[in-house]
Each structure stands twice: as C-alpha cells, then as structure tokens.
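See below for the structure under consideration.
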Amino acid sequence: MTKNLEEFKKLVDAEEYFKFFELDYDVKIVNVNRLHILKKFSQLISEIDTNYPDLSAEEKLNQYSLALQSAYEVFLDSSPQEQKLFKVFNDKPKNVITLTELSSD
C-alpha cells in the first residue's frame, strides 16, 4: 500500500490503520477497545496537526504511526472507564445515589 496522506485519509477501520502503519496488534484488544483507541488516536492526530503544522507528509505519517501505537498501548494497561474519552464516562448518572454518597451518621 502506498503510504501517503491521501491513502491515509481513506482509512476507516482500526485494523486498516494498523495495517497501513505495519503495526502489530492484538485482535482481542482492538475488538474490545476499538472506539476508544480510535478516539484517542484522533485526539493525538489533532495535537500533531495543531502543534506541528509545518511537518512534511512523511514526517506527519511517522508521527501518526507513533500516535496510533501510543493510543493502542494506553488500552493494554487501562480501561475505557479509566480514560474517560467519551462523554458518557464523565456524566454523573441521573436518579442514582452512589455508595460513596451515602454516609452513616
């Protein structure tokens, strides 16, 4: 596969990104954390694009590859609940009293 930004922009699935960058991955980890890995990857890409706007296409793709590896590695030792990448993990449940809110007087 030709490695250029145009080809990169056509990728959709997590597996396609790993194959594009020739990175090893555990299918089970990706299956369980797919959306979270892609969300973290997206955040890291945004940081790269914002902080390093003058990178060449090759440098950018190298940084993106490192970003995908980093996003994947986060979920080797952490859970989606711990990372809180999505709004649902940050919202307090409504009409629920948690055990930590109960106190004995």
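Okay, so the sequence shown: first residue is 1 according to full-length UniProt numbering, each after it adds one. Positions of the beta carbon are idealized from the N, C-alpha and C atoms, including for glycine.
{"Query": "Could you compute how far the alpha carbon of Leu44 sits from the alpha carbon of Tyr64?", "Result": "8 Å"}
{"Query": "Identify whether Asp13 lies in helix, strand or coil by the three-state DSSP scheme.", "Result": "coil"}
{"Query": "Report buried or exposed for Val12, applying the criterion of at least 16 other Cβ atoms within 10 angstroms of its Cβ.", "Result": "exposed"}
{"Query": "From Ile37 to Asn51, what distance separates their C-alpha atoms?", "Result": "21 Å"}
{"Query": "With respect to 8 Å, is the separation between the Cβ of Leu35 and the closest non-hydrogen atom of the ligand HEM below this value?", "Result": "No copy of the ligand HEM occurs in the structure displayed, which carries no ligand at all."}
{"Query": "Could you tell me how far apart the beta carbons of Lys3 and Phe20 are, in whole angstroms, since I believe they sit closer than 8 Å?", "Result": "7 Å"}
{"Query": "Roughly how many angstroms lie between the CA atoms of Phe89 and Asp26, to the nearest whole one?", "Result": "Here the model assigns Phe89 a pLDDT of 48, short of 50, so the residue's position is not dependable, and the following value carries that caveat. The straight-line gap from Cα to Cα measures roughly 25 Å."}
{"Query": "Quick one: grab the DSSP three-state call for Phe21.", "Result": "coil"}
{"Query": "When the Cα atoms are used, what is the spatial distance from Asn33 to Asp54?", "Result": "32 Å"}
{"Query": "To the nearest angstrom, how far is it from the Cα of Ser70 to the Cα of Glu6?", "Result": "22 Å"}
{"Query": "Tell me whether Ala57 is buried or exposed, calling it buried when 16 or more other Cβ atoms sit within 10 Å of its Cβ.", "Result": "exposed"}
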